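Chains as they are written, first to last, in full-length UniProt numbering: chain C, 1 to 245; chain U, 1 to 292; chain V, 1 to 272. C-beta: ideal position from N, C-alpha, C; glycine also. The model shown is predicted, which means the values in this text are computed figures rather than measured ones. Heads up, the thing below is written out as structure tokens.
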Amino acid sequence: MAGIELLSDQGYRVDGRKPNELRKIQARMGVFSQADGSAYIEQGNTKALAVVYGPHEIRGSRSKSQHDRAIINCQYSMATFSTGERKRRPHGDRKSSEMTLHLKQTFEAAILTQLYPRSQIDIYVQILQADGGNYSACVNAATLAVVDAGIPLRDYVCACSAGFVEDTPLVDLSHLEESAGGTQLSLAVLPKAEHLALIEMDSRLHQDHLESMMDAATQACKDLYAVLDRVVRDHLQEVTTSIGE
Amino acid sequence: YLHVALLFWQQVILCHCTLDDLRVDGRSCEDYRYVEVETDVVSNTSGSARVKLGHTDILVGIKAEIGRPKLDRPNKGCLEFFVDCSANATPEFEGRGGEELGTEIANALYRVYDNERSVDLKSLCITPMEHCWILYTDVLLLQCDGNLFDAISLAIKAALLTPSKIPKVQMMEDEEGTTEIELSDDPFDCVRLNTENVPCIVTLCKIGQRHVVDATLQEKACSVASLLVSVTSKGTITCVRKIGGGSLDPESIYEMIETGKRVGKALHAPLQDILNKEESLGKSREKVGFIG
Amino acid sequence: MPVDTKRLRGPEESQSPWLFVEQEQQSPPDEREDGRRKGQVDVRPIFARCGLVSQAKGSAYIESGKTKVICSVYGPRETERKDETDMKFGRLVCTFRFAPFSCAKRCGWIQSTQEKDLSMALLGSLHPGLCLHRYPRSQIDVSVLVLENDGSALAHAVTCASLALADAGIEMYDLVLGCSLRQEGSDYLLDPTFAEETQEPATESTENRGGMMVALLPSLNQVSGLLCSGDLEQQPLVEAVAACIEGCQRIYSVAQRCLLTAVKKKNPPPDG
């Protein structure tokens with residue numbers, strides 16, 4: 001634990017947040033004009049970009065094509081300068097392949113793929129600066145980008161990470177809190193129906209604590225939902241007024 | 001992505017317009033599109049910048065790390081380039097699709113900055129033959145709309161120019177004679193690079209009988225060959241390179257070098273102004289980044 | 001970076017012996033080491049021959065001073081990759097390699113970034129000279145191997161490759177000839193040797209130093225390749241390009257004669 005006190009006696013975390021407090025979120029939709037949908041999100045110091053192309057015809061081999069639904073194609077990459085120490089490759093390593101797979105599974109659960117048979121939807125996410133919660137930032141950015149592309153979703157997908165320190169669940173971990181070790185939970189939720197799109201937990205945790213941790217993470221995802229919804233509504237407002245002119 | 005299909009009549013119109021020093025988007029042959037520059041976009045780098053040129057969108061991050069000097073330059077630091085053509089720009093770059101273009105651009109960049117004057121590499125040396133600063137210059141291509149080289153060079157110059165956070169180091173020698181590198185405790189105690197002579201690239205596209213700077217994808221589709229010219233603020237040329245499949249006659253090469261020099265030299269002052277202005281605002285500057 | 005595991009690596013503190021090789025510092029005022037003069041279009045004598053590699057469709061060998069380059073051409077054959085762009089035009093694939101023993105320092109087997117860059121420059125220089133529209137859906141492979149590098153490797157590679165392409169019977173608009181140049185202050189050294197390419201300047205002044213390679217289609221008088229890096233003012237740069245063009249013209253007759261000999265050898269004139 002390297003002697004860092006993750007939770008002070010007064011109940012504050014290293015960066016001054018309360019255990020159930022999210023970092024500051026700023027987001028914008030429609031960042032790029034050439035893509036079908038794009039979004040950018042900042043969660044604290046974690047910055048992510050997501051771009052959506054499609055639905056379009058299947059690229060490459062036709063054998064991948066599904067007659068009853070669209071296939072989701074994802075790529076997760078991290079800018080080489082995004083981490084503290086320089087990365088050698090932006091993607092293709094084991095960790096980003098795993099992340100790619102998680103993203104794909106998450107969005108297969110959320111997008112109404114049966115509306116687009118024999119087609120493909122590309123979701124590309126890029127971490128520009130990594131400061132913990134990369135997966136959740138990517139999912140949130142990708143949700144906004146999919147909304148921007150006008151692809152029907154069952155619901156927003158909101159993702160958040162959670163940790164467990166001194167019998168208290170912490171939400172939206174920063175890099176410092178992540179690297180201290182300990183349990184870490186990543187959760188992607190469709191908040192209206194409270195369906196889980198993805199859940200992943202590392203390291204061990206007593207069964208009794210699982211529920212409190214899940215509750216905290218779900219609540220955080222719901223908080224996130226409010227923020228994302230605000231962003232989408234603001235964006236729509238902006239677009240409609242600009243059309244009105 | 002680089003191949004934009006144009007109908008024949010579109011090409012004819014484009015070429016004829018260019019002949020009268022009027023381009024499809026209303027610019028003259030030596031005009032750039034609107035350029036947006038913002039520095040210090042990614043806070044965990046030594047220097048970073050984002051440049052938007054038309055729809056072309058480039059993010060450059062520079063990280064300084066301690067490494068070993070190259071064999072043929074034992075008393076100099078070095079610059080390393082990496083260009084990531086991310087799938088953000090086009091789905092064709094997914095997986096390893098962007099690698100070819102990436103290495104091509106990176107190799108061209110090595111040539112542009114490979115000279116004594118553009119960056120003072122000697123100041124990056126810590127101990128000859130053993131330790132030096134390596135500036136990893138990573139270029140991230142977020143959107144392509146023609147003229148990648150010019151946009152990248154602007155972004156690199158801006159990123160190098162921001163108060164590059166290269167900490168001061170001291171060599172400490174202990175009793176046993178082994179040396180240790182000691183970083184300064186004060187995070188603001190930094191070496192600042194002299195970036196006066198960092199060149200900017202001007203790419204000139206030959207269309208019909210004339211050449212244009214800052215070609216869009218459509219214009220590029222009509223051109224047979226282009227010439228990359230990199231120019232410092234004093235007007236010295238650090239690199240010339242023909243790119244594209246066609247050939248050029250010697251006379252037009254001389255003309256293009258002349259134009260390239262003139263345009264490139266003029267490019268530096270406004271960039272410097274913007275960056276000075278940005279720096280003078282200091283902490284009070286509102287960071288825009290991708291928001292807003 | 002791939003590490004060569006078959007070689008013994010020195011201890012951590014060791015330094016490469018190349019750091020301790022003394023560089024010779026002597027440049028007489030206007031005489032070059034091999035007796036050529038600075039600032040004059042003075043290329044090294046060239047030996048060129050076609051048709052050495054019997055298995056290739058066409059091949060050529062060039063020797064200029066101590067620089068030795070061999071090139072073979074395979075194809076046209078069916079493309080491996082099928083893109084839409086290949087439907088109308090043939091694809092030209094160039095590989096430029098230094099043989100491991102060709103330079104003072106050993107070169108690895110894996111293609112280095114420098115070799116990749118030179119391959120690209122070679123491709124760009126040869127491309128305008130070929131009638132690729134005559135070879136739809138096909139691919140032409142050009143591989144150049146530098147056997148000994150004593151300067152101006154790329155320039156000779158361009159000449160050699162175009163000879164090999166002509167030898168292979170690929171339709172071309174014109175031959176492509178290459179010439180390089182080294183600028184040192186107000187003087188230029190045409191067709192520089194390896195030592196001249198890499199030497200440190202005698203003076204501290206860094207004005208007007210640089211290297212250049214020009215590829216020319218001689219009878220059309222079109223420049224198909226231009227690669228220059230360094231630190232040059234506009235005037236010397238333009239003069240250097242002109243000098244390179246003249247240098248290319250100088251070797252045109254050698255290249256022509258080489259092709260003529262090859263054709264005569266292939267189709268001997270009927271006796272009597």
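Other residues of its chain near residue i: CB distance less than 7 Å, five sequence neighbours each side excluded
i	result
residue 56/V	72, 73, 74
residue 113/U	79, 119
residue 1/V	Note on residue 1/V: pLDDT 49, under 50, position unreliable in the model; the coordinate value appears next. Excluding residues within five positions, none has a Cβ falling inside 7 Å.
C-alpha distance - residue i paired with residue j, whole-angstrom precision
i	j	result
residue 216/U	residue 100/C	33 Å
residue 24/C	residue 137/C	12 Å
residue 4/C	residue 16/C	14 Å
residue 181/V	residue 241/V	9 Å
residue 197/C	residue 157/C	8 Å
residue 239/V	residue 229/U	16 Å
residue 192/V	residue 155/U	35 Å
residue 150/U	residue 201/U	5 Å
residue 157/V	residue 105/U	22 Å
residue 159/U	residue 139/U	11 Å
residue 145/U	residue 31/C	15 Å
residue 74/U	residue 191/U	20 Å
residue 91/U	residue 36/C	11 Å
residue 236/V	residue 119/V	27 Å
residue 130/C	residue 31/U	38 Å
residue 62/C	residue 75/C	20 Å
residue 44/V	residue 57/C	58 Å
residue 17/V	residue 61/U	35 Å
residue 82/C	residue 72/C	26 Å
residue 134/C	residue 50/C	12 Å
residue 100/V	residue 154/V	16 Å
heavy atom of the ligand ADP below 8 Å from residue i C-beta
i	result
residue 210/V	As presented, the structure is devoid of all ligands, the ligand ADP included, so that no description of it is given.
Cutoff 9 Å: residue i Cβ touching any chain U Cβ
i	result
residue 225/C	no
residue 127/V	yes
residue 95/C	no
residue 220/V	yes
residue 20/C	no
residue 196/V	no
residue 178/C	no
residue 245/V	yes
residue 195/C	no
Residues near residue i by beta carbon distance below 6 Å, same chain, minus five either side
i	result
residue 118/C	65
residue 226/V	214
residue 128/V	224
Residue-level contact to chain C via CB, residue i, 9 Å cutoff
i	result
residue 197/U	no
residue 49/U	no
residue 45/U	yes
residue 33/U	no
residue 128/U	no
residue 3/U	Residue confidence for residue 3/U is low, a pLDDT of 48 falling below 50, so the modelled location carries little weight; the figure read from the coordinates is stated next. So no, residue 3/U is outside the interface.
Anticipated Cβ contact below 8 Å, residue i with residue j, distance rounded
i	j	result
residue 148/C	residue 8/C	That belief does not hold up - the Cβ atoms of residue 148/C and residue 8/C are roughly 40 Å apart, past 8 Å.
residue 41/V	residue 246/V	5 Å
residue 97/V	residue 145/V	5 Å
residue 256/U	residue 204/U	5 Å
residue 71/U	residue 19/V	7 Å
residue 59/V	residue 46/V	About 17 Å separates the two Cβ atoms, so there is no contact after all.
residue 147/U	residue 275/U	In fact, because the Cβ distance is near 20 Å, the residues do not count as touching under 8 Å.
residue 213/C	residue 164/C	6 Å
Cutoff 9 Å: residue i Cβ touching any chain D Cβ
i	result
residue 215/U	Protein chains in the displayed structure are C, U and V, and chain D is not among them.
Residue-level contact to chain V via CB, residue i, 9 Å cutoff
i	result
residue 239/U	yes
residue 261/U	yes
residue 341/U	With chain U represented from 1 up to 292, any question about residue 341/U goes unanswered, as that position is not in the structure.
residue 63/U	no
residue 151/U	no
Neighbourhood of residue i by C-beta, 8 Å cutoff - its chain only, sequence neighbours within 5 removed
i	result
residue 188/V	38, 39, 181, 182, 236, 239, 240, 243
| said: To test your reading of the DSSP string, which unbroken beta strand (DSSP E) runs of 3 or more residues are found completely within the UniProt domain "Exoribonuclease phosphorolytic" (21 to 152) of chain C? | reply: 25 to 29, 37 to 43, 46 to 57, 71 to 78, 119 to 129
| At which residue ranges does the UniProt domain "Exoribonuclease phosphorolytic" (155 to 219) of chain C contain complete beta strand (DSSP E) runs of 3 or more residues, listed in the order of the chain? | 158 to 165, 168 to 171, 184 to 190, 195 to 202
| message | Quick check on the DSSP output: what are the complete beta strand (DSSP E) runs of length 3 or more inside the stretch 131 to 219 of chain U, in order along the chain? | response | 131 to 143, 169 to 173, 179 to 183, 200 to 207, 210 to 213
| query | Mind pulling the alpha helix (DSSP H) runs of 4 or more residues that sit fully within the stretch 141 to 228 of chain V? | reply | 153 to 167, 194 to 198
| query | In chain order, which continuous runs of the beta strand (DSSP E) of length 3 or greater are located wholly inside the stretch 220 to 247 of chain U? | reply | Scanning the stretch 220 to 247 of chain U from its first residue to its last, the whole beta strand (DSSP E) runs of 3-plus residues come out as 226 to 231, 237 to 243.
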